[in-house]
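This report refers to the structure that appears directly beneath it.
In the numbering used here, the protein residues as written are 97 to 163.
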């Protein structure tokens, strides 16, 4: 039987993840930083693109897409 991690361990992992993903911790010269952007997997683009509102659904709903 697998034991679930304790609350302290979960919180530590979440803190470490947040630190790794923080924009200020990205390497200098990183070519792409999309951490502050939202991606729409059904349209296949970021929601802040100019053409986002005029683009229809290109891909099936997320729950129907292969993983």
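Glycine included, C-beta positions come from ideal geometry on N, C-alpha and C.
{"Item": "Nonlocal neighbours in the same chain, by C-beta distance under 8 Å from residue 144, ignoring five residues either side", "Value": "133, 134"}
{"Item": "DSSP-derived helix/strand/coil call for residue 149", "Value": "helix"}
{"Item": "Euclidean distance between Cα positions of residue 98 and residue 150", "Value": "48 Å"}
{"Item": "Unbroken alpha helix (DSSP H) run spanning residue 122, endpoints", "Value": "Residue 122 -> no alpha helix (DSSP H), and no H or E assigned at all."}
{"Item": "Beta-ladder partner(s) of residue 136, from DSSP", "Value": "141"}
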